[in-house]
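Data block below; observations after.
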Amino acid sequence: MDINVSSMKRATLIEVKGRVDSTNATQLGDALNEQIDAGHQMLVVDLSSVEYMSSAGLRELVAALKKARKTQGGDLKLASMSPRVKEVFGLAGLDTIFHIYATPVEAVGSY
0 MDINVSSMKR ATLIEVKGRV DSTNATQLGD ALNEQIDAGH QMLVVDLSSV
50 EYMSSAGLRE LVAALKKARK TQGGDLKLAS MSPRVKEVFG LAGLDTIFHI
100 YATPVEAVGS Y
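See the structure below:
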């Protein structure tokens with residue numbers, strides 16, 4: 000898994016590539032927490048290049064969402080999910096707690 004972080008005008012864009020599973024999910028959580036701890040509470044996670052996400056990856060995203068929302072005005076939004084990853088979110092019932100956008104541009108623009 001590769002993670003690329005970019006600062007945008009309104010939010011921080013985190014691009015995730017590859018598989019997110021139990022062997023590397025903590026890397027994703029660490030990257031998200033690092034941004035929140037640095038004062039970047041408005042996050043967009045681009046999942047367009049993620050072909051698989053396990054429950055460990057979902058857990059890290061939920062934890063980061065809670066942490067971001069505890070800060071004033073903070074949030075974590077998701078963008079560009081593949082149909083397979085979107086199905087995982089739906090089966091877990093997480094499509095109702097995350098704001099999910101078709102593109103990273105739409106997600107960043109929503110802040």
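Numbering follows numbering that gives the first Met the number 0, in which position 18 of the sequence shown is assigned residue number 17; successive positions increment by one, without gaps.
No residue lacks a Cβ here, since even glycine has one placed at the ideal position from N, Cα and C.
Relative to the alpha-carbon of A30, which residue among L12, Y110 and E105 has its alpha-carbon at the smallest distance?
One-based indexing of the sequence shown puts residue 30 at position 31. Comparing Cα-Cα distances from A30 to each of L12, Y110 and E105, the minimum goes to L12.
Going straight from the alpha carbon of Q40 to that of L46, what length do you get?
Working through the sequence shown from its first residue, we reach residue 40 at position 41. Working through the sequence shown from its first residue, we reach residue 46 at position 47. Straight-line Cα distance between these residues: approximately 18 angstroms.
With distances taken Cα to Cα, identify the nearest neighbour of Y117 among T95, V15 and G38.
A question about residue 117 goes unanswered here, because the residues of the chain that appear run from 0 up to 110.
So for A78, helix, strand or coil by DSSP?
By one-based count along the sequence shown, residue 78 stands at place 79. Residue state, collapsed to three classes: strand.
Residues that DSSP places opposite T11 in a beta bridge:
Numbered from 1 along the sequence shown, position 12 holds the residue referred to as residue 11. Answer is S6 and L42.
Identify the continuous alpha helix (DSSP H) that holds I35 and give its terminal residues.
Position 36 of the sequence shown, counted from the first residue, corresponds to residue 35. Run containing I35: A24 to D36, per the alpha helix (DSSP H) assignment.
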